[in-house]
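Report on one structure; see the data block that follows.
Chains as they are written, first to last, in our numbering: chain A, 1 to 353; chain B, 354 to 744.
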């Protein structure tokens, strides 16, 4: 029995030594690949020997460096975290639980925690700084919070203050982009070239037969409004008076009607909304106008016909884009006012005070 | 009243451009800082195959990286933008292939709605280039191209082969800033927008099948770009139909990312004289956004009958980069035939998506409105879905 146990121990020892030799051999190879900047080979080797190499902090450290060099920041962060949890957990927990003043160098001098904390702070700062073009602010803030957390830990273990200050400056630069969520108020004037189509209905006094007329109007709309904007959104309330000229003709076979240069007046009022998701100066949004319209179309025979509505109040929507250049903006809008056929569009300029 | 409104329509965009003093492929990509076509294309005025740099830009600045691993380095994506996903080892030969298909619904959601799918382009191209600065170049494209719609069901259609070359030329650039090209090319005039049905392209007759054999001179510096083209018509066409003449264009860079230009065209065949002039502005805004603006006047004189037509067009387009790979376009076009009082305005929002390099998807909705003193007509809506693939 004792003999069997001895053999088992010897075999286990031999196997452990062989595994250790193999691990060291692979770590050397990983370092060689790093030196030659063959980063994909570092990761391939780790993937092949993951069972063995995942137990070595030296291998994981080289893997993290490889990820970092390839700008695979998230993988690098995961790897450094794994090193801390797997190999430095007790020291890490103690640092977390202890105030900065109470920490002494003996708490971390036998570990590489200062290096790992710095790397984690740096990598999160990198993610925060480099993802602003395609990552939502809310997600980016997680990187910033995380970076600040590791800067704090790094300070606890006496990392170089100059290095930490640099990271804080890098984080601060991006913070200035989203400092203000406060809505600023201002007034604006607008001038648009606008076109729309009106449905006009002529009704026979006897019998009540209805004849559809279509008016195509083109005119200028001058107005203004109040707006509230912050770094993300712009909300406004706008009114404008459109003075237009229309051609009106019949769409019904039962009546012939043609009238050109009909004076039309319309008043548009309503709230609008823009998002600045794409750029601070190129805004895309929606407007919900209410339209009050009067038209001076001629009744072909007062005895025979009457217009169903001389004036009307209608509701619609605009999809709008605005390109801001200093305090002047170029705006285009395309939408529809119900129940009219056709679209309603405009192109114009806005002056913001 | 109408005249004043026309004036407003023209003056507003000019006024806006005037304020872009510090405003910080397709001509729209001036928004990314690419002022000149030759940066990304072999043809100095765009169109046709893109060069290695253009492929890399398309992969790493234009195309989305949504389909790639978040951590895939840009240089690796750039390397895969070459022909058949490889970085070219050979310096002298650059093969490529391209396909464009269009799903077109005319009179969208009307009783007269019609749908069709058009293979607009399916061709292969070989560029050869030699010299230490690639100063000797040739480009040859060949493939399928549909019979132009205006010639379909006419005797002229029989003379056109659906498999043909729409571009082939040789060129030399003795110095970086100057080049001479000879062969079948598009004529340099105005802003070469990709929408070949734009009034700015159809009115001066410079659309997808209007290339001509000729000699093109090109001069380009960061501040100034100019081109002059003397052409004798497309030699594959019957002699009577060949448009012969000259075209010239120049653009001046103003305030870094804005370009102001003028263009001139004079061409004729045995049936028609066409003269055209245009003024154009391209303005690059921040974050890849841009504005294009062009106004032009075209004079057409028929030779066999007494007929003169003066036409005017205007084109305004904003190109909004919603996120990398995804753009929102808004085009407003104006067309007027001076001989009658009517005019047309086309309002067209579009979505353009480059999910990855080599793939472009696009949806356009065109709303055309006729303004007429006699009759009021319903708007016309056309829906277009496009796919553009290249290798």
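All C-beta atoms in this analysis are idealised placements derived from N, C-alpha and C, irrespective of residue type, glycine included.
Item                                                                                                                   : Value
Beta-carbon gap between residue 623 of chain B and residue 614 of chain B smaller than 8 Å                             : no
First through last residue of the beta strand (DSSP E) which encompasses residue 572 of chain B                        : 565-573
Beta-carbon neighbours of residue 64 of chain A, restricted to chain B and to distances below 7 Å                      : Going along chain B, no residue has its Cβ under 7 Å from residue 64 of chain A, so there is no contact; the nearest lies around 13 Å.
Residue 316 of chain B at chain A interface by Cβ criterion, 8 Å                                                       : Because residue 316 of chain B is not part of the residues shown, which for chain B are 354 to 744, the question remains open.
Cβ neighbours of residue 579 of chain B in the same chain (closer than 6 Å, five flanking residues each side left out) : 572 and 603
Partner residues on chain E for residue 697 of chain B, Cβ-Cβ distance less than 7 Å                                   : Reference to chain E is not applicable here, since the protein chains of this structure are A and B.
Host alpha helix (DSSP H) of residue 119 of chain A (start-end)                                                        : 113-130
Residue 148 of chain A, DSSP secondary structure in three states                                                       : helix
As assigned by DSSP and simplified to three states, the class of residue 411 of chain B                                : helix
Interface residues of chain A facing residue 726 of chain B [CB-CB closer than 8 Å]                                    : 247, 260 and 261
Length of the line joining the Cα atoms of residue 442 of chain B and residue 433 of chain B                           : 12 Å
Below-8 Å beta-carbon distance, residue 278 of chain A vs any chain B residue                                          : yes
Distance between beta carbons of residue 402 of chain B and residue 447 of chain B, contact taken as under 8 Å         : 7 Å
Any C-beta of chain B under 8 Å from that of residue 77 of chain A                                                     : no
Within 8 Å of chain B by C-beta, residues of the segment 320-343 of chain A in sequence order                          : 321, 323, 325, 326, 328, 330, 332, 334, 341, 342 and 343
Backbone secondary structure at residue 385 of chain B - three-state DSSP                                              : helix
Contacts of residue 483 of chain B in chain A (Cβ-Cβ under 7 Å)                                                        : Chain A residues near residue 483 of chain B: none, gap ~33 Å exceeds 7 Å.
Test item: CB-CB of residue 476 of chain B and residue 495 of chain B under 8 Å                                        : yes
Where residue 25 of chain A falls, given that 16 or more other Cβ within 10 Å makes a residue buried                   : exposed
Heavy atom of the ligand SAH within 7 Å of residue 272 of chain A beta-carbon                                          : This structure does not include the ligand SAH; it has no bound ligands of any sort.
For residue 267 of chain A, the residue or residues it bridges with in DSSP                                            : A:241 and A:292
Closest Cα partner of residue 344 of chain A within the set A:351, A:352, A:332 and A:350                              : A:332
CB contact check: residue 214 of chain A to chain B, cutoff 8 Å                                                        : yes
Residue 459 of chain B - containing beta strand (DSSP E), residue span                                                 : 446-459
Any chain B beta carbon closer than 8 Å to residue 49 of chain A                                                       : no
Any chain B beta carbon closer than 8 Å to residue 195 of chain A                                                      : yes
Endpoints, the alpha helix (DSSP H) within which residue 87 of chain A is located                                      : 73-87
Beta-carbon neighbours of residue 70 of chain A, restricted to chain B and to distances below 8 Å                      : 424 and 426
Under 9 Å from the C-beta of residue 720 of chain B: neighbouring residues of chain A                                  : 334, 342, 343 and 345
Within the segment 663-727 of chain B, ranges of the alpha helix (DSSP H) (whole runs, at least 4 residues)            : none
Short CB-CB distance (under 8 Å) between residue 747 of chain B and chain A                                            : Only positions 354 to 744 of chain B appear in the structure, and residue 747 of chain B is not among them; the question remains open.
Contact with chain A by residue 521 of chain B, beta-carbon distance below 8 Å                                         : no
Residue 630 of chain B (DSSP reduced to helix, strand or coil)                                                         : strand
Neighbour flag for residue 284 of chain A against chain B, beta carbons, 8 Å                                           : yes
Beta-carbon neighbours of residue 660 of chain B, restricted to chain A and to distances below 8 Å                     : The premise fails here: residue 660 of chain B is roughly 26 Å from chain A at the closest Cβ pair, so nothing lies under 8 Å.
Where residue 361 of chain A falls: helix, strand or coil (DSSP)                                                       : With chain A covering 1 to 353 only, the question about residue 361 of chain A has no answer from this structure.
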